[in-house]
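**Q** Numbering (the numbering used here), first residue to last: 322 to 951.
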Amino acid sequence: MSYAEVFDAWKRDPEGFWMEQARAIEWERMPSRALFDDKAPMYEWFSDGLVNTCWNAVDRHVEAGYGDRVAIIHDSPVTHTKHAITYAELRDRIASLAGALKAKGVGKGDRVIIYMPMVPEALEAMLACARLGAIHSVVFGGFAAHELAVRIDDAKPKAIIAASCGIEPGRIVHYKPLLDGALAQARHKPDFCVIFQREQEVAKLEDGRDFDWHGFQYGVEPADCVPVEGNHPAYILYTSGTTGQPKGVVRPTGGHLVALNWTMKNIYNVDPGEVFWAASDVGWVVGHSYICYAPLIHGNTTIVFEGKPVGTPDAGTFWRVISEHKVRSFFTAPTAFRAIKREDPKGEYLKKYDLSGLRALYLAGERADPDTVNWAADMLGVPVIDHWWQTETGYAIAANPVGIEHLPVKVGSPSVAMPGYDVRILDEGGHPVPAGTLGAIAVKLPLPPGTLPTLWNAEERFRKAYLDHFPGYYETGDAGYVDEDGYLWIMARTDDVINVAGHRLSTGAMEEVLASHPDVAECAVIGMSDELKGQLPVGFVCLTKGVERPHDEIAKECVALVRDQIGPVAAFKHVAVVDRLPKTRSGKILRATMVKIADGAEVKVPATIDDPAILDEIRGALGGIGLARA
322 MSYAEVFDAW KRDPEGFWME QARAIEWERM PSRALFDDKA PMYEWFSDGL VNTCWNAVDR
382 HVEAGYGDRV AIIHDSPVTH TKHAITYAEL RDRIASLAGA LKAKGVGKGD RVIIYMPMVP
442 EALEAMLACA RLGAIHSVVF GGFAAHELAV RIDDAKPKAI IAASCGIEPG RIVHYKPLLD
502 GALAQARHKP DFCVIFQREQ EVAKLEDGRD FDWHGFQYGV EPADCVPVEG NHPAYILYTS
562 GTTGQPKGVV RPTGGHLVAL NWTMKNIYNV DPGEVFWAAS DVGWVVGHSY ICYAPLIHGN
622 TTIVFEGKPV GTPDAGTFWR VISEHKVRSF FTAPTAFRAI KREDPKGEYL KKYDLSGLRA
682 LYLAGERADP DTVNWAADML GVPVIDHWWQ TETGYAIAAN PVGIEHLPVK VGSPSVAMPG
742 YDVRILDEGG HPVPAGTLGA IAVKLPLPPG TLPTLWNAEE RFRKAYLDHF PGYYETGDAG
802 YVDEDGYLWI MARTDDVINV AGHRLSTGAM EEVLASHPDV AECAVIGMSD ELKGQLPVGF
862 VCLTKGVERP HDEIAKECVA LVRDQIGPVA AFKHVAVVDR LPKTRSGKIL RATMVKIADG
922 AEVKVPATID DPAILDEIRG ALGGIGLARA
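1. Hey, quick one: how far does the alpha helix (DSSP H) through Lys332 stretch, first residue to last?
2. Looking at Phe651 and His643, is the spacing between their C-beta atoms short of 8 Å?
3. Quick test of your reading: Leu826 and His895, contact by CB under 8 Å. State the CB separation rounded to the nearest angstrom.
4. Measure the alpha-carbon distance for Ala928 versus Met322 and round it to whole angstroms.
5. How far does the alpha helix (DSSP H) with Trp348 in it reach, from first residue to last?
6. Jot down the residue ranges of each uninterrupted beta strand (DSSP E) in the stretch 851-900, minimum 3 residues, whole runs only, in chain order.
7. Report yes if the C-beta distance between Ile847 and Met915 is below 8 Å; otherwise report no.
8. In the stretch 748-814, which residue ranges form an unbroken beta strand (DSSP E) of at least 3 residues, counting only runs that do not cross its ends?
9. At 3 residues or longer, and completely inside the stretch 381-410: list those beta strand (DSSP E) runs for me, N to C.
10. So, with DSSP's three-state summary, where would you put Ile725?
11. Alpha carbon to alpha carbon, what distance is there between Met437 and Val523?
12. Measure the beta-carbon distance from Cys546 to Arg452 and round it to whole angstroms, keeping in mind my assumption that it falls under 8 Å.
13. Would you mind reading off the limits of the alpha helix (DSSP H) that contains Ile926?
14. Below 8 Å, can you find three or more Cβ-Cβ pairs linking the stretch 795-809 to the stretch 578-592?
15. Give the secondary structure of Phe464 by DSSP, where H, G and I count as helix, E and B as strand, and everything else as coil.
16. For the structure I just gave you, are there three or more beta carbon pairs, one from the stretch 829-845 and one from the stretch 781-790, closer than 8 Å?
17. Would you kindly work out how many angstroms separate the C-alpha atoms of Gly750 and Gly428, rounded to a whole number?
18. Just how far apart, CA to CA, sit Gly668 and Lys662?
19. Excluding the 5 residues preceding and the 5 following Ala897 in the sequence, name in chain order all residues of the same chain whose CB lies nearer than 6 Å to its CB.
20. Measure the Cβ-Cβ separation of Tyr716 and Ala580 and say whether it is below 8 Å.
21. Check the C-beta distance from Gly867 over to Tyr802 and give it rounded, since I have them as a contact under 8 Å.
22. Comparing alpha-carbon positions, which option in Gly908, Ile482, Val541 lies nearest Arg530?
23. Leaving out the 5 sequence neighbours to the left and right, which residues in its chain are closer than 6 Å to Thr563 when beta-carbon positions are compared?
24. In terms of alpha-carbon separation, which member of Lys477, Ile875, Met849, Ile493 lies closest to Asp840?
25. For Thr382, count neighbouring C-beta atoms within 10 Å of its own C-beta (all shown protein chains included) and say buried if the count is 16 or more, exposed if not.
26. Under a three-way DSSP split, which group does Trp710 fall into?
27. Across which residues does DSSP place Met849 in a beta bridge pair?
28. Could you tell me the boundaries of the alpha helix (DSSP H) in which Glu489 lies?
29. Quick check for students: name the residue ranges of the beta strand (DSSP E) that lie wholly in the stretch 498-542, counting only runs of 3 or more.
30. Leaving out the 5 sequence neighbours to the left and right, which residues in its chain are closer than 6 Å to Phe357 when beta-carbon positions are compared?
31. For the alpha helix (DSSP H) holding His553, just list the boundary residues, first then last.
32. Do three or more CB pairs link the stretch 373-382 to the stretch 449-469 at distances below 8 Å?
33. According to DSSP, is Pro903 part of a helix, a strand, or is it coil?
34. Do Ser736 and Ala761 have their CB atoms nearer than 8 Å?
35. Could you spell out the range, first to last residue, of the alpha helix (DSSP H) harbouring Leu943?
36. Roughly how far, in whole angstroms, is the beta-carbon of Ile918 from the beta-carbon of Arg940, given that I think they are within contact range, below 8 Å?
Rendered as structure tokens:
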């Protein structure tokens, strides 16, 4: 079937479509129907089914005779180690950890916070919770104590599973003191903590509260899988940038299994047994969906990579991993490729490795600018597939469904809506706009299986944040348009559509132009407040390694490019050359924080920022081009 036929089949009979996909999952009790709409607009999927995520991700493959297949490859250039775990070994390890948790009173519905680096034990902890019907919440390893405490108070975990440390290039990140600090601050106190001791740092354990990972499991009876209802939460994931009262996205078990399993072949075009690699972190949604759950549910080999795109040890580390482990499908963020391109613009490292097994590169997490996409395509010689989704959805809203039909690529677009997503472009009044017109991107309710049904303990906040602005729709918070061929174009967050003298302009479109400059490796455009025009765009550019031309000369060329390609209406006059941009640990540029700096507003340092010192560099750069505000 073609993409159009598959999409039309879903539109004609959404219930029938998703019930058919549900048959690929092993249920203890098959659901009576797909959609439960009695609480609309709080829709649920497969609610009366009984199922277990761990069984579907691990045990069923062993039972089917694939126990010797490699489930996880841990490749850790920061510790100079590599090892593989088969499905049979993984099942035994998970069952043992689950048995120990069960013996300490953890059961269905209890919460467990996981605070770990990129090690296989992080996936084992997630799946051990799923095995028991406990609800896990992974907090990015190394998060500040206060932010961890806020999440502890919101989730109220019975237990916390953590590592003694994380390892970054050139430094050890001490997790245990951060955990101790969080527990001292938190009002809620867990019953116990389990600490995975790494040889790079052995943490001090508190008597009565802390248990060593290995000793904790010694002599316990392995736990069986506990079936849970289809609408039972598999996990809570707090969205990055959370401040104050956290925003915990809830992931329902049944829809999560069905939808993720469908994506592995239809979007990522991998068959069971093949190697899939998502270069992200277990602390983010990509780590949940495509390092842990989807590959294992589908019977693939997944890679847990503990390193960076550059610096561990060089800009060729991604190529080594792809070549060495025979990766078929590779998924990462555009920011990773911009970092590689900046360090190795001619792809000298790539020439050292055989990447003939790689079928496609997938990019998501932020806008994939055409310059980065084209560079990656030229270097790798494989299709580069942009796709768009959110923490809230858990998988792609729009993509190129290569496993169904490889649609023509339009560089800069994540292609077309996936089955389940009825995407509309709306004006401020909630009315659909014509093709090619910029507007708010919304999805007509109900959202498909596996997407968030609500926020943890915050239904009113869920309604206000996502449903109230456009009744009958899920508001994505992104702005863009749909072209005459039905391709979606994501131009910016809604907040990043700026108003210059009455003209609504996309900062993303300006960034595309800046990124096309041959000396620019990475860029960001923000709108700063202006008394005359309302807002004025300001560009920040990072240069490719080795560029030694005068910065003011490059800035003038960038201004001329934007004025030539977007027009004088953009009022684009200011470009600052900077060494780096403020980002979250997952690589997203903190544009909203940059706007506050530009406007002279009070800035609360985001919990997710990679390096707070960069904010002072942004202030200095604004001063350097005469735009500093007190």
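Beta carbons: idealized from backbone N, C-alpha and C, even for Gly.
**A** On the basis of the coordinates in this document:
1. 324-333
2. The identity of residue 643 in the sequence shown is Ile, whereas the question assumes His. Yes; because the gap between Cβ atoms is below 8 Å, this pair is in contact.
3. Between Leu826 and His895 a beta carbon distance of about 15 Å is seen, past the 8 Å cut, so the two are scored as non-contacting.
4. 46 Å
5. Careful: Trp348 lies outside any alpha helix (DSSP H) and carries neither H nor E.
6. 855-864, 895-898
7. yes
8. 760-765, 794-803, 809-814
9. 391-397, 402-407
10. coil
11. 14 Å
12. 5 Å
13. It is Val, not Ile, that sits at residue 926 in the sequence shown. Run containing Val926: none; DSSP gives neither H nor E here.
14. no
15. coil
16. no
17. CA-to-CA, the gap between Gly750 and Gly428 works out to about 46 Å.
18. 8 Å
19. Cβ neighbours of Ala897 beyond the five flanking positions: Phe861, Ala942, Ile946.
20. Between Tyr716 and Ala580, the CB-CB gap stays under 8 Å.
21. Going by Cβ atoms, the distance from Gly867 to Tyr802 rounds to 37 Å, so no, they are not a contact pair.
22. Ile482
23. In this predicted model, Thr563 has a pLDDT of only 39, less than 50, meaning its place in the structure is not dependable; the value taken from the coordinates is given anyway. Nothing listed; no residue qualifies.
24. Ile875
25. Reading off the sequence shown, one finds His at residue 382, where the question assumed Thr. The residue in question, His382, is buried, as its Cβ has 16 or more Cβ neighbours within 10 Å.
26. Trp710: strand per DSSP, three-state reduction.
27. DSSP lists Leu857 as partners of Met849.
28. Note, Glu489: premise wrong, no alpha helix (DSSP H); beta strand (DSSP E) at 486-489.
29. 513-517, 531-533
30. Glu365, Ser368
31. Neither: His553 is in no alpha helix (DSSP H) and is coded neither H nor E.
32. yes
33. coil
34. Contact: no.
35. 934-945
36. 6 Å
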